[in-house]
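Participant: Can you keep this structure in mind? I'll have questions shortly.
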Amino acid sequence: MNEPQVDALPENAHRPLKPGESYAPIFQSSLRAPELTLRAILWGLLFCAIFTVASAYSALKVGQGMEASIPISILAIGLARMYKRRSSLLENAILTGVGGASAAVVAGAVFTLPALYILHLSPNPLQTVFLCLAGGCLGVLFILPLRRYFVREMHGQFPFPEATAITEVLVTGERGGSQAKLLLQATSIAGVYDFFVTTFHVWRESLNFQFLPVVRTLADRGRMVFSFDAIGFILGLGYVMGLGSAMVFCAGGVLSNFVLVPLLWFLGSHVNLAVYPGATPVSSMTAAQIYASYVRYIGVGAIATAGIFGVLKSMRTIAGSFAIALRAFHPQAGEQTERTDRDLSMVTILLGLVLTALAVAIFFSRFHVSWTVLGCGLALTLLFSFFFASVAANAIATTANNPASGMTMLTVILSSVVLLRFGLSGNTGMFFVMAIAGMVCTALCVSGQFITDLKTGYWLGNTPAAQEKVKFLGIFVAAAAAGLTIVLLAHTFQFGEAALGDARPVLAAPQASIMKALVVGFLSRQPVTYLLFGVGAMVAVVLEMLGKSSMVFALGMYLPLSLTTPILAGGFLSHCVYRRAEKTGGERGRATRERGVILASGLMAGGALGGVLGAALRLVPGFREDLIQTPFYAIDPVSQTVSALCFIGLCLFVWFRAAKEEKNA
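Residue -7 is where the sequence shown starts when you use my numbering, and the numbers rise one by one after that.
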């Protein structure tokens, strides 16, 4: 084995390359190290199955799944020391990628599959597993032509927050020393902090400062509501994103919450009528209701349009990827592709797409629909899966947040509108639409998660083809575990709301309940919110005309303000640390920048671990959030002030620890 000395990622790992400059990973193309080993694959599959079952139950019970990739990367570091031959970085990356398939498949499954049970359509176990498996395979296959664009060609243009955290965990854990202790400190602090804040009643997680009279007046009279989610994970996420992306991201939230919501309130407050898609008059709505009923659809339209621009921008690189892959048919006509840029062959990709499409067509034929409807359903599934693969990859690369709910809503709405024109309705129509949405949602969740794996592998020096091969194994295990878990829970619990005469306990399944309401509404021939989608589309067009990132802005419009504001705080912290490092200069300045990234990665890793533990505790019978409650929790002025001070304390921890020079640095 020819293994390099692991010190840190190259200096140009996170910045755009200069003309003529190239990125050389830790394991360069000429080096060889254990990668696709049995230990990495088997441990990855075991973690995949465990996290899939736990995450599916958690998501259905409390509406929040479990983050998998970052905790699994930490577990990989520990497992590496169990063997006589210590596992290599490349093996740990493979293990993390295989296990990480769990969260992606579950995220796609819980949005749609429980809705079939809420609608009393009762899919059989094979149908449930197939929808997860087909969507997962489409997600992997459709992201492969985009790999070079997002991972290689756009090097340094996307922050890749989650991939940065995973890579720093793997590299820092590998090299040990003071940097590993620094990572452990940040991980421990964020893990304990996020665990108690999000699990128990210690102090307020979300701040709105409405105990201040001026803030309360703005909320009541103008529907201008400020919110801030004060947890360590999001602070680390904003730090890795950087100030530039965080500013654009938060700007979208400002437009939605401080412009569109108050504007709609001002106009609607004079009309005492319900305006579709809202169910109650705007005059009686809160800011959150106005956002959910109207502004969210504008955000969906903006995201969809930004995704179109993203596909158009990447077409040249996609064509180049096909050209490189097709040289496999004529190896003498072109040079050999280096190991770190070698994908699965084009024959394999096309064969996989054909077989998956054929399987989906056979699945749709079981509904005894016309050939026209079958072809239309297949076309919608493939078109949305490919299109949203780009959207998901772009979103994950910039903000680490996948707009799965918005894209699934768009899939349900457009599929319902199209299929209604062919006369498809009733139970068959609802099952048909939810099947399309289930596969598309799983595909876009898997696409977003897999681009993180590929970027991590690019930084470390993994072989892309190796990552792509084992990803299918992870998808298969995750699909089987997620599908069967949902079937099992459907026999034990009710999803959504309790039915009369049914004594089984209820699992809320909030995402699936929303999708169920959508498909019932649209297949009942209700009007479609084309105008709201169109307004969002024009916002994206204006941003593209100004030369700005429409996807990041659109995501900010769609996601809650409580998420975008702490990301901006993390971006400002990152800017301050980098300015301090520039002022210091030299090796000390470089070390300051490096320690800042390690600390931010630790905050993300610890926050993810705290979230996993908190989600697991919620599954324990008898658990209550008030098992631990501070005396001041219910007193808003005190609770929110303590929360704000603790969050500031996290920022100061990063600031001072990044600047502190280690003795053995």
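Note that beta-carbon positions come from the ideal geometry of N, C-alpha and C, so glycine has one too.
Skipping 5 residues on each side, what residues in its chain have a beta carbon closer than 8 Å to that of R334?
Facilitator: The residues are T455, P456 and A457.
Participant: By the DSSP assignment, the alpha helix (DSSP H) with A238 in it spans what residues?
Facilitator: A238 -> alpha helix (DSSP H) spans L235 to L247.
Participant: At which residues does the alpha helix (DSSP H) containing I627 begin and terminate?
Facilitator: Premise fails: I627 is in no alpha helix (DSSP H) and is neither H nor E.
Participant: Contact between the region 470 to 490 and the region 29 to 45: three or more CB pairs below 8 Å?
Facilitator: Short answer: they touch.
Participant: Does the contact criterion of 3 or more C-beta pairs under 8 Å hold for the region 545 to 554 versus the region 227 to 247?
Facilitator: Output reads yes: the region 227 to 247 touches the region 545 to 554.
Participant: When DSSP labels each residue in this structure, what does A266 get in the three-state scheme?
Facilitator: The answer is strand: DSSP assigns A266 an E or B state.
Participant: Closest to F220 by CA distance: which of Q202, L210, G214 and T373 is it?
Facilitator: Here the closest residue by C-alpha is Q202.
Participant: Within the continuous alpha helix (DSSP H) that includes M146, where are the two ends?
Facilitator: Neither: M146 is in no alpha helix (DSSP H) and is coded neither H nor E.
Participant: Please check the pair A33 and G599, which I expect to be a contact at CB under 8 Å, by giving their CB distance rounded to whole angstroms.
Facilitator: The question names Ala, yet the displayed sequence has Ile at residue 33. Not confirmed; about 28 Å, so no contact.
Participant: Since L452 and F19 are thought to touch, with beta carbons under 8 Å apart, how far apart are those beta carbons, to the nearest angstrom?
Facilitator: Contact holds; Cβ gap of about 6 Å.
Participant: Report all residues from its chain with a CB closer than 6 Å to the CB of S80; omit the five preceding and five following residues, and keep chain order.
Facilitator: Here the set comprises A25 and P26.
Participant: Return the CA-CA distance between F218 and L411, expressed in angstroms with no decimal places.
Facilitator: In a straight line, the C-alpha of F218 is about 41 Å away from that of L411.
Participant: Given a cut-off of 8 Å, decide if L175 and V161 are closer than it, judged by their beta-carbon atoms.
Facilitator: Yes, these two residues count as a Cβ contact at 8 Å.
Participant: Just how far apart, CA to CA, sit N394 and V292?
Facilitator: So the two alpha carbons sit approximately 12 Å from each other.
Participant: Might you give, ordered along the chain, the residues of its own chain that have their beta carbon closer than 8 Å to the beta carbon of H6, omitting 5 neighbours on each side?
Facilitator: Closer than 8 Å at the Cβ level, and outside the excluded window around H6, lie G148, P151, T156 and V589.
Participant: Please report the distance separating the alpha-carbon of W257 from that of A51.
Facilitator: Between W257 and A51, the C-alpha separation is close to 33 Å.
Participant: Using DSSP bridges, identify the partner residues of L523.
Facilitator: In the DSSP output, where bridge partners are listed per residue, L523 has none listed.
Participant: What runs of the alpha helix (DSSP H), each 4 residues or longer, lie entirely inside the region 179 to 238?
Facilitator: Taking only runs of at least 4 residues, the alpha helix (DSSP H) segments lying wholly in the region 179 to 238 are 205 to 214 and 224 to 233.
Participant: According to DSSP, simplified to helix, strand and coil, what is Q441?
Facilitator: Correct three-state label for Q441: helix.
Participant: Tell me which residues share the same chain as A294 and place their Cβ nearer than 6 Å to its Cβ, disregarding the 5 neighbours each side in the sequence.
Facilitator: Only G528, V531, A532, A546 and M549 meet the Cβ criterion.
Participant: Looking at chain B, is there any beta carbon in it that lies within less than 8 Å of the beta carbon of M401?
Facilitator: The structure shown contains no chain B; it is built from a single protein chain.
Participant: Helix, strand or coil: how does DSSP classify Q119 here?
Facilitator: Q119: helix per DSSP, three-state reduction.
Participant: Pop quiz: W35 and S631 are said to be a contact at Cβ under 8 Å. What is the actual Cβ separation, rounded to whole angstroms?
Facilitator: Between S631 and W35 the Cβ distance is about 42 Å, and since that is not below 8 Å, they are no contact.
Participant: Going by the beta-carbon positions, is the gap between T521 and P254 smaller than 8 Å?
Facilitator: Contact flag unset, no.
Participant: Helix, strand or coil: which one does DSSP assign to P613?
Facilitator: Note: P613 maps to coil in three-state DSSP.
Participant: So, F127 versus V404, is the Cβ gap smaller than 8 Å?
Facilitator: Residue identity check: residue 127 is Gly in the sequence provided, not Phe. Their beta carbons are not under 8 Å apart, which means G127 does not touch V404 by this criterion.
Participant: State yes or no: is the C-beta of A93 nearer than 7 Å to some heavy atom of the ligand COA?
Facilitator: For the ligand COA, the structure offers nothing, since it holds no ligand at all.
Participant: Using the Cβ count rule (16 or more neighbours within 10 Å means buried), how would you classify F615?
Facilitator: Classification for F615: exposed.
Participant: What residue range is occupied by the uninterrupted alpha helix (DSSP H) comprising R571?
Facilitator: Where R571 is concerned, the enclosing alpha helix (DSSP H) stretches over L553 to T576.
Participant: Is the beta carbon of L507 less than 8 Å from the beta carbon of A93?
Facilitator: Contrary to the premise, residue 507 reads as Met rather than Leu in this sequence. Not in contact: M507 and A93 (Cβ atoms no closer than 8 Å).
Participant: Whose C-beta lies closer than 6 Å to the C-beta of G100 among residues of the same chain, with five residues either side of it excluded?
Facilitator: These residues qualify, in order along the chain: G127, C433, T434 and C437.
Participant: Can you give me the Cβ contacts of L9 inside the same chain, cut-off strictly under 7 Å, excluding the 5 residues immediately before and after it?
Facilitator: Only Y15, H147 and G148 meet the Cβ criterion.
Participant: Under the three-state reduction of DSSP, which class applies to P8: helix, strand or coil?
Facilitator: P8: coil per DSSP, three-state reduction.
Participant: With A99 as the anchor, note down where its alpha helix (DSSP H) starts and where it stops.
Facilitator: A99 -> alpha helix (DSSP H) spans L81 to I110.
Participant: Would you mind giving the Cβ-Cβ distance between R585 and A573, rounded to the nearest angstrom? I have them listed as a contact below 8 Å.
Facilitator: R585 to A573, Cβ: 5 Å. Contact.
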